[in-house]
Every structure is written in C-alpha cells, then in structure tokens.
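Protein chains: 2
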Amino acid sequence: VLVEQLKDIVGPSGWTSDATDLEPHLTEWRDIWRGNTLLMVSPDSTEMVADVVRACAQSGTSIVPQGGNTGLCGGAIPDRTGKQVLLSLSRMNRVRAASAEDFSLVAEAGCTLASIQQAAADIDRFFPLSLAAEGSCQIGGNLSTNAGGINVLRYGTARAQALGLEVVLADGTVWDGLRTLRKDTAGYDLKQMFIGAEGTLGIITAASLRLYPAIRNPETVLVAVESPDAAVALLAILRAELSDQLQAFELMSARAVRYVLNHIPSTSFPLDQESPWFVLLETARQTTGDDFAALFMSLYESALISDAVVAKNRSEANDLWRLRHSISEAQKKEGASLKHDISVPVAEVGNFIRVAETAVTREVPGTRVVAFGHVGDGNIHFNLSQPEDWSAAEFAEQGQRLASLVYDVVDSLGGSISAEHGIGQAKREQLLRYRGETETGLMKAVKAALDPDNIMNPGKVI
Amino acid sequence: VLVEQLKDIVGPSGWTSDATDLEPHLTEWRDIWRGNTLLMVSPDSTEMVADVVRACAQSGTSIVPQGGNTGLCGGAIPDRTGKQVLLSLSRMNRVRAASAEDFSLVAEAGCTLASIQQAAADIDRFFPLSLAAEGSCQIGGNLSTNAGGINVLRYGTARAQALGLEVVLADGTVWDGLRTLRKDTAGYDLKQMFIGAEGTLGIITAASLRLYPAIRNPETVLVAVESPDAAVALLAILRAELSDQLQAFELMSARAVRYVLNHIPSTSFPLDQESPWFVLLETARQTTGDDFAALFMSLYESALISDAVVAKNRSEANDLWRLRHSISEAQKKEGASLKHDISVPVAEVGNFIRVAETAVTREVPGTRVVAFGHVGDGNIHFNLSQPEDWSAAEFAEQGQRLASLVYDVVDSLGGSISAEHGIGQAKREQLLRYRGETETGLMKAVKAALDPDNIMNPGKVI
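Chains as they are written, first to last, in the numbering used here: chain A, 5 to 466; chain B, 5 to 466.
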C-alpha cells in the first residue's frame, strides 16, 4: 500500500525499483557499505518531499535521504532489510534566488556544489565551499554533513555558509527557515540542529547561503618545510602577515607526493623532493606587490622554509592542486589503505602525527603513514598504507585495532575522530566511546524530541 | 532548607540576600524589568554551579543565570515571585588557557568581554567581538544572547567565535565540550543549541574561543551618502574592493548625528551636516597605499558619496566612534524613545527604513525616527523619539501599536524582530506571532527535551 501511495505522490518519473537504476544508490564508491530499499523516490518539490515523509510516518516506515552519494561513512546508504525508503534529492536542483547586493543565494538541496559555485560566479560573487567531489556532491549533503574542504581556513565549514534552511520534519511538516539574515536572535537558532545531523532529524530541502566578494589575484605557493611543527609555525606567521587573505594551507608528506608522482600520469613536482614535508598554500590578496616575494625570502632566510615556488599562472597552480587532490587515488595503488579523518587543535598537529605514527608502526611494523590535509584547520587525513609484504586482507583485519590506537591519540589531544566525513554507520561505536554518555545522551535527547518514532535515517550517527 | 543548602554549597562569600547588594541585580539599567529572588548565589567553580543546579533541580526551584546584566529584554532578571534563585557567574572570571599558535583561548563565563579582548592582545592576537557594554558584559551572556556589535560584518556574531562550551545541564550534569577544534563532525554540534538560548537550556560556565591575527593599520572613514540605498550600494563596492579588510560599516541618519552634537559634550563633526545620511566605516588593510585615497576619490566622482574624511590618527578615529556610540544616550535627552532592534536582508535596508518610517509617522504624526546601526549586517536600530509636543507617558502608550507596525514591515521583508537584544521577557508574544507554530513548536520540543522540569530560566524566550 505504501509503495503505491508513494508512486502516486511522486508520479511516474519520480521513482524506481529497477535493480540497475538502483545500483549506484545502494552502495558507496568505496563499496564498503551496501543496502537495499523498498523503493527509491525522487520528489521534485518540497511539498512532494513532505507528502512522502507524511506517508512514511503514517506507516512507520523509515526514510534514508540521499544527495550525491559521495560520502564515505555509509550515512546515505539504507540498511540491508529492504524496508527503508530511499529519498533522493537529485531532482530538487533549482537555484531559487541569487542577489549580488545581498551577498546571498537560495538553492534547493539537490544542487551540486559546483552549480552553486557557478551561480555565485554568474553574479560576480564567490561561494567558498570547495572539495574534491564538488562536481557531484549536493549542497543538501554538504550541509547535512557540515562539509569542509580546502577553504575552511578563511571561510569556515558548510555551517558557516548557511543563513537559513527549509526542512521537512519527521511528521511531514515543512519548516520554512529560509531567511537570508546576517543576524537573528529571535529564539533558538534551529538551523544549527539540522546542519551536520546527517538527515537524522529532518530532511534539508533548501538553503539560503552566504556569498562573498569574488576572489582576486589568487596565488598558489608550494613550500618545503622540515616538519609539521614548522608548518604550524609558518601558518601562524602567514596568518599574521596576510590575515584572511590566506585561503588554503595544505600539508603533504614527501611519501604522499612520491605516490602521486609514481602513480598518477602527467604529474610533476617543481621542487627538490629531499624535504620530508611540503605545504601547498593559496592566497588571494586585494593588492599585489613585491612584499609577497620579500615575505617568502625572509622566511627562507630564517630557515623556516627550505624551498619555495610560486605558480606563474593558473595552469601551473592547477597542476599543483591536482597533485594535492590525487593523493587518495595514488594511495590506492599502494594496496589496502586505512583512512582516519581526524582533527586536533592546530598547535597539536605535529605532536599528533609523531605520536600516532610511532603507535601504529610499533603495532604493525612496515605500515606506511600517508599524512596530509588541512593543517590550517587541524584536520589531518592520517591514512595508512599496508606493509609492502602483506596482503590487503591481512592489513584490513588490523583496521579496528589501528583505528583505536589513532583515535586514542586524537582523544588524548582533545581532538575529534571525525573532522569531515561524519559518523554515518561507520563510527557510531567510536562516537559513543570517545564522546561519552553526557554528550551522546544529549544527542539522543535531541533525536527523540525531533524524531520520536525514529524514522529519519535510523541507525546513523547515534 | 534549599536556601541553607545553597549557602553551604557556595560558602559565606558566595551568596547574598541583602537588599542593597541585590538591587543592581534585580533590575536592568533601563528599569523596565524588575524582579525578586529567593537568594543570589555566586559560585566560583563549575562544580559549584553544578551543585547549585542539582540542589535546585531536586527541590523543583527555578534558576535565573546572570552575567553582567547589561541586557535590554529582561532575560537575566528573575520574576516577581521571589521564588527563583539568581545565579551570578561574576566570580567565574578566569582565563583558563590562551594559545597564540592555536589562535584560541579558554575563558570562564564571568570574564568581561574587555578582559577577553585584553587576554587576546596579550598574546598578539585579536578577539573581534566588540560592543558598547564590553567593559561590563560577560562572555557567558554574550554567548547566551549570541551578541553582535560592530565587527560582525567581518568576523560574525558571538556564535562564530565559539569553538566549544562547558555547560551545566538542567539536572546538574556538567557537559565538557571545551574543545578548540576548527572542524568536528562527530555527531550533533551541541554547543549551537546553548548559544543564543538565553540560559533556558543550561548554564554556560566556560567557552573556548576563536582568536584572529592582530589588526594592522586600522583606518576610520566617515562618508556622506544620499540614502540608505546608496549606503548598501557603497557596501557592495567596498566589499568587492577590500573584501574582509572592511571591518565595520555603520549607518547614521543626520538626525542621529544632530542629537549627539546637541546633547553630548565635546563632540564635533568633521563633515558638512547637509547630507541626510552618513556611514562610519573601518578598514584594516594588510598593506597600505595610495589606492585607498584613489578608491574614495572615484566613489566621489561617481556621486555615490558626496563627501568623505579619513581620520588622521587614532584620536580622531576614537572621536568618530564616540559619536556613533553616543546616539542612544543622546536620544534619551529628546524624551521617550521606543527601540526596535531589527534585521532585514542587507539589500532591503533602504526599503525597510522608507516603509517603516511612513507607517509610524502616519500612525503617530510627529514621531521622530532615529535610524542607525550595522547596515553591513542588515541590522538597524530603528528607534522612535516622541513627538516634541507629547508627553513621554503618552508616547509610551503607543509602544505596542508602533512596534506591531514596525515588526509587520520587518516580517514582510523576511526579517527578524530581534537582531541583537534577544527575546528575554520582552518579545515572547511577538516571537510566537512572527515565527509561527512550526518554528516555535520546534523550540518548545528542544526546551522540553533538555529541561523537562522547566527550571532553567523559565518564562524567557518561549
């Protein structure tokens, strides 16, 4: 009965139960999580989403919302029962409004991140959220996971970009919170609850977003440093010198660079590879001048950096960014990889890498640490490649033990076991372990208040 | 029994029931809200706050937390029954940690805003929250009301400065969320619920805060413009030219300026007063140069501004800021004043002022609109001075009617009835009216989940 009701609500082009059509929606690209579904519906309006949720609520059927399905933790994948409804937001892909003077834009949840960047550029504005999956990930998913990416240092995460939300609640009620206000102290700031909740409290159907002035004079610089601690010290100096004009600040280990050069076609590296660590940074200065070259020269003379190269044009800059974005892909060619997307206080990044590397290589000698990422945000992708003489399966079996070692170090430094990827199905137990009863108890209280029948993406987060 | 229990918990120097000591805590400086209390306690540690809350929870006694008591909406004033416990955070005034390299600081709730600014400056960092009451308001109150001020344009409100919180929950449990992470997607972002909740969900006892590079080259500019619309157009141009280096952008009507010059000693004005509107703006450029003068010259030539003066030194700049900060005080001398602290989308500021002024002067001819404020945030203090030939009491009687007119205009433009001051006791009915059942229903659900016995600052917000 529910299936027929849902088909009626979304119309003939709004659902599928065809196995081939469903396949890409029932697993993630890493193929770790896999599920089944009663029916996949793709409503194309907020009212339709509300009707779907109401029908599901009446029959006690749970709903898994899905955007671009680019997640890594199984957050948008239904369970294996085949009893959950999969709700794709892909057809809700309109930019409803855009205002250059108000520096704001209103977009539906199914807009890809790239399309929102473009809509901002079309009115000479800049939408700063940027990450590797931007061509296919959707803004609803970006907000539901509080996505990060390379420009968080200057602009903050997805949360900081949200001025307002439209949300379909667990009983099918629509909450229209699509204001574009910079300041609003009229009661609780409800949108904050839904951001980062991975669809467990309601379904984000649209968002009003903050825009910024168009970027001028982007300049990309690659520097060689002795250690992560040197990178953190460099960051503090550059923030003082450049302030907000420092947009991105990414750490790469020499091993990460080497894997890219070995495995990814047509990549090259403009610096001597002797240095153990490199930083790829991007600035956007309002005024250009010789002071920039002088700044890096003085850093070289103080021995904080041992080498540096400024991209001569956007093509060279793009090559450098391609190198950075290819690390995960290159690492795949080195066998099994265990990923830990963690954050610590910025000042503790060097400490974390040192202690965690010692811990994992003591536990499994030969483990190759590939550390890289958003050091400006204290967010390191601490990935582990298998020992060269192990099988992938053998190494995968060590996953839980090595993760515990890494997360224990993170926890001892006041960090987080998830900085970008979220909790999904993957880290629920660890969340309980590391965040404790008080914090997870509060989360459960919020969940019970907003979704008393537990039909919104159950089994995710908490 | 409870009173004795509380006295035991906080010790002899931690409570008072003396009428003279209590007086400044039982009313606000405008003397609109006034209450009584069973006992005022001033715990000096988080554990002591927790013990107080636990004792109150056991006896079903409600608690009103109070910081610097600089609010305007009665949010920190107990009711008149004399049955509520007043909990002052003033003795919790330690800066627990400060790190230049991590760009962060951990402070207890009772630290004054000025003391936090100073603690940041002591390590060559900048804490951007700045408002008129900064010498006496406390960070716990700033966070509980999501305070704004003059630097929101560049840095965001109090919410954007919070990296983590320590909160005593309604049952006396302490939630330690004092992380200093830039990115954390491990479950719901619980701190967001307590920020802006005016103490109705728990008591903020400490916060980890975001710091920024020290400000360089601050420059203050006063310009004359034809209209609020011209100010908004100027803002868009300056944001494009200066980006984040534009720190503050404040609109003042000619009437507001005139009242200051008439009533506040030793104030002067460096521009011709013919213009109907003025903008006071502040920049902090990383590099200084002639382009700045050229920019304002080109704005003058394009007729977007009709006059401009750049402060020659900090003393001249301070004089200009003193002018801006004296508007409320000056307005008092013109008789009764009705205040409306509203926000609209930035692009609608001109429209709002036009329509609202027409509405109120049609309703009460002779009403003198004094409009000024944070136009860069869409936040206008739309204050109304009484007609010159009315009595203050006569005008005060029109308060509700005029507020309804103003708020109806705000609402029609997608704005908020409270941009800075919060809801407190003052605007509860209007919150229900303008935010509707779905939104206030969500707020009530959150309140019931976190404070089921309704003992945390009851009667405030919702």
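Quick reminder that beta carbons are idealized off the backbone N, C-alpha and C, glycines included.
For this session: List the residues of chain A that B:Pro-475 touches, going by C-beta distances under 7 Å, in chain order.
Result: Examination of residue 475 of chain B is not possible in this model, given that chain B is present from 5 through 466 alone.
For this session: Using a threshold of 8 Å, state whether the C-beta atoms of B:Gly-144 and B:Gly-64 are closer than that.
Result: Stepping through the second sequence from its first residue, residue 144 of chain B is reached at position 140. Stepping through the second sequence from its first residue, residue 64 of chain B is reached at position 60. Contact flag unset, no.
Exercise. Whose CA, out of B:Thr-85, B:Ile-357, B:Asn-266, B:Val-410, lies closest to the CA of B:His-344?
Worked result: Mapped onto the second sequence, residue 344 of chain B falls at position 340. B:Val-410 is the residue among B:Thr-85, B:Ile-357, B:Asn-266, B:Val-410 whose C-alpha sits nearest the C-alpha of B:His-344.
Problem set entry | Interface flag, A:Trp-179 vs chain B, CB-CB below 8 Å | Position 175 of the first sequence, counted from the first residue, corresponds to residue 179 of chain A. It does: the Cβ of A:Trp-179 has a partner Cβ on chain B nearer than 8 Å.
Problem set entry | For B:Phe-376, the three-state DSSP class (helix, strand or coil) | For the purposes of this step, residue 376 of chain B is taken as residue 372 along the second sequence, with counting starting at 1. Reduced to three states, the DSSP call for B:Phe-376 is strand.
For this session: Give me the Cα-Cα distance between B:Asp-193 and A:Gly-200, rounded to the nearest whole angstrom.
Result: On the second sequence, residue 193 of chain B is found 189 positions in, with the first residue counted as 1. On the first sequence, residue 200 of chain A is found 196 positions in, with the first residue counted as 1. Between B:Asp-193 and A:Gly-200, the C-alpha separation is close to 7 Å.
For this session: Spell out whether any CB of chain A is found under 8 Å from the CB atom of B:Tyr-304.
Result: Along the second sequence, read from residue 1 onward, the residue named residue 304 of chain B stands at position 300. Judged by the 8 Å Cβ criterion, B:Tyr-304 is not in contact with chain A.
Exercise. So, does the CB of B:Pro-132 fall closer than 8 Å to a CB anywhere in chain A?
Worked result: As a first step, residue 132 of chain B is located in the second sequence; it is residue number 128 there, counting from the start. It does not; no Cβ of chain A falls within 8 Å.
Exercise. Does the beta-carbon of A:Ala-297 have 16 or more other beta-carbons within 10 angstroms, so that it is buried, or is it exposed?
Worked result: If you number the first sequence from 1, residue 297 of chain A lands on position 293. So A:Ala-297 ends up on the exposed side.
Exercise. Of the residues A:Gly-426, A:Ser-134, A:Glu-32, A:Ala-234, which one's Cα is nearest the Cα of A:Pro-82?
Worked result: Locating residue 82 of chain A in the first sequence gives position 78, counting from the first residue. When only C-alpha atoms are compared, the closest one is A:Glu-32.
Exercise. Should B:Leu-299 be counted as a contact of the ligand NAP given a C-beta to heavy atom distance under 7 Å?
Worked result: You won't find the ligand NAP in this model; it holds no ligand whatsoever.
Problem set entry | Within chain A, partners of B:Met-197 - CB distance below 9 Å | Locating residue 197 of chain B in the second sequence gives position 193, where the first residue counts as 1. What B:Met-197 touches in chain A: Tyr-192, Asp-193, Gln-196, Met-197, Leu-446, Val-450.
Exercise. Is the CB-CB distance between B:Val-14 and B:Thr-204 below 8 Å?
Worked result: Walking along the second sequence from the start, residue 14 of chain B turns up at place 10. Walking along the second sequence from the start, residue 204 of chain B turns up at place 200. No, the Cβ-Cβ distance between B:Val-14 and B:Thr-204 is not below 8 Å.
Exercise. Going by C-alpha distance, which of B:Ser-140, B:Gln-121, B:Thr-116, B:Cys-60 is nearest B:Pro-28?
Worked result: As a position in the second sequence, residue 28 of chain B is number 24, starting the count at 1. Taking only the C-alpha atoms, the option nearest B:Pro-28 is B:Ser-140.
For this session: Would you verify that the beta carbon of A:Glu-105 is, or is not, closer than 8 Å to some beta carbon of chain B?
Result: Residue numbering aside, residue 105 of chain A sits at position 101 when the first sequence is read from its first letter. Judged by the 8 Å Cβ criterion, A:Glu-105 is in contact with chain B.
Exercise. Below 8 Å between beta carbons: does that hold for A:Gly-418 and B:Arg-183?
Worked result: Numbered from 1 along the first sequence, position 414 holds the residue referred to as residue 418 of chain A. Numbered from 1 along the second sequence, position 179 holds the residue referred to as residue 183 of chain B. It is a contact, given that the beta carbons lie within the stated cut-off.
Problem set entry | For B:Ile-384 and B:Tyr-159, the rounded distance between their alpha carbons | One-based indexing of the second sequence puts residue 159 of chain B at position 155. One-based indexing of the second sequence puts residue 384 of chain B at position 380. Taking the straight line from one Cα to the other gives about 18 Å.
For this session: Measure the Cβ-Cβ separation of B:Phe-253 and B:Val-283 and say whether it is below 8 Å.
Result: Mapped onto the second sequence, residue 253 of chain B falls at position 249. Mapped onto the second sequence, residue 283 of chain B falls at position 279. For B:Phe-253 and B:Val-283, yes; Cβs fall inside 8 Å.
Exercise. When you check each C-beta in the segment 410-424 of chain B against every C-beta of chain A, which residues fall closer than 9 Å?
Worked result: Gly-418, Gly-419, Ser-420, Ile-421, Ser-422, Ala-423, Glu-424
Exercise. What does A:Asp-457 reach in chain B if we use C-beta pairs closer than 8 Å?
Worked result: For the purposes of this step, residue 457 of chain A is taken as the residue at position 453 of the first sequence. The premise fails here: A:Asp-457 is roughly 14 Å from chain B at the closest Cβ pair, so nothing lies under 8 Å.
Problem set entry | Cutoff 7 Å; reference B:Ser-422; Cβ partners in own chain excluding five residues on either side | In the second sequence, residue 422 of chain B corresponds to position 418, counting from 1. So the qualifying residues of the chain are Asp-345, Lys-431.
For this session: Report the option in B:Glu-424, B:Val-374, B:Ala-351, B:Ile-67 whose CA atom is closest to the CA atom of B:Pro-280.
Result: Position 276 of the second sequence, counting from 1, holds the residue named residue 280 of chain B. It is B:Val-374.
Problem set entry | Euclidean distance between Cα positions of A:Asp-233 and B:Ser-212 | Counting from one through the first sequence, the residue named residue 233 of chain A turns up at place 229. Counting from one through the second sequence, the residue named residue 212 of chain B turns up at place 208. So the alpha carbons of these two residues sit roughly 22 Å apart.
For this session: Could you tell me which residues DSSP puts in a beta bridge with A:Ile-143?
Result: On the first sequence, position 139 is the one that residue 143 of chain A refers to. BP columns for A:Ile-143 are empty, so no partner.
Problem set entry | Per DSSP, the bridge partner or partners of A:Gly-216 | Here the question's residue 216 of chain A lines up with position 212 in the first sequence. Note that residue 216 of chain A is Tyr in the sequence shown, not Gly. Answer is A:Phe-130.
For this session: Could you pull out every residue in the same chain whose Cβ sits closer than 7 Å to the Cβ of B:Trp-37, ignoring the five residues on either side in sequence?
Result: As a working mapping, residue 37 of chain B is identified with position 33 in the second sequence. Hits under 7 Å: Thr-31, Gly-78, Ile-81, Gln-429.
Problem set entry | A:Ala-260 to A:Glu-278 span [Cα, whole Å] | As a position in the first sequence, residue 260 of chain A is number 256, starting the count at 1. As a position in the first sequence, residue 278 of chain A is number 274, starting the count at 1. Rounded to whole angstroms, A:Ala-260 and A:Glu-278 show a C-alpha spacing of 13 Å.
For this session: Find the residues of chain A that neighbour B:Arg-427, judging by a C-beta separation of less than 8 Å, and give them in chain order.
Result: Translated into positions along the second sequence, residue 427 of chain B becomes position 423. Just to set this straight, residue 427 of chain B is Ile in the shown sequence, not Arg. Thr-189, Ala-190, Gly-191, listed in chain order.
Exercise. Ends of the alpha helix (DSSP H) at B:Ser-416?
Worked result: The residue you call residue 416 of chain B lines up with position 412 of the second sequence. Looking at the DSSP string, the run of the alpha helix (DSSP H) that includes B:Ser-416 is 403-416.
For this session: Go ahead and pull the three-state DSSP assignment for B:Thr-371.
Result: Counted from its first residue, the second sequence places residue 371 of chain B at position 367. It is coil, neither helix nor strand.
Exercise. Do the segment 34-49 of chain A and the segment 6-20 of chain A touch if we need at least three Cβ pairs shorter than 8 Å?
Worked result: yes
Exercise. By a C-beta neighbour count over all protein chains shown, 10 Å radius and 16 as the cutoff for buried, is B:Ser-395 buried or exposed?
Worked result: The residue given as residue 395 of chain B occupies position 391 in the second sequence. Exposed: under 16 other Cβ atoms inside 10 Å.
Exercise. Shorter than 8 Å from the beta carbon of B:Ile-466 to some beta carbon of chain A?
Worked result: By 1-based counting over the second sequence, the position of residue 466 of chain B is 462. Chain A contact via Cβ: present.
Problem set entry | Length of the line joining the Cα atoms of B:Glu-441 and B:Glu-202 | If you number the second sequence from 1, residue 441 of chain B lands on position 437. If you number the second sequence from 1, residue 202 of chain B lands on position 198. Answer to the nearest angstrom: the Cα atoms are 20 Å apart.
Problem set entry | Proximity of B:Arg-103 and A:Ala-351 at Cβ, strictly below 8 Å | Numbered from 1 along the second sequence, position 99 holds the residue referred to as residue 103 of chain B. Numbered from 1 along the first sequence, position 347 holds the residue referred to as residue 351 of chain A. In the sequence under discussion, the amino acid at residue 103 of chain B is Ser, which differs from the Arg named in the question. Contact: yes.
For this session: Spatial neighbours of B:Pro-274 within its chain, please: CB distance less than 6 Å, with the 5 preceding and 5 following residues excluded, ordered by chain position.
Result: Mapped onto the second sequence, residue 274 of chain B falls at position 270. Excluding positions up to five away in sequence, the list reads Val-313.
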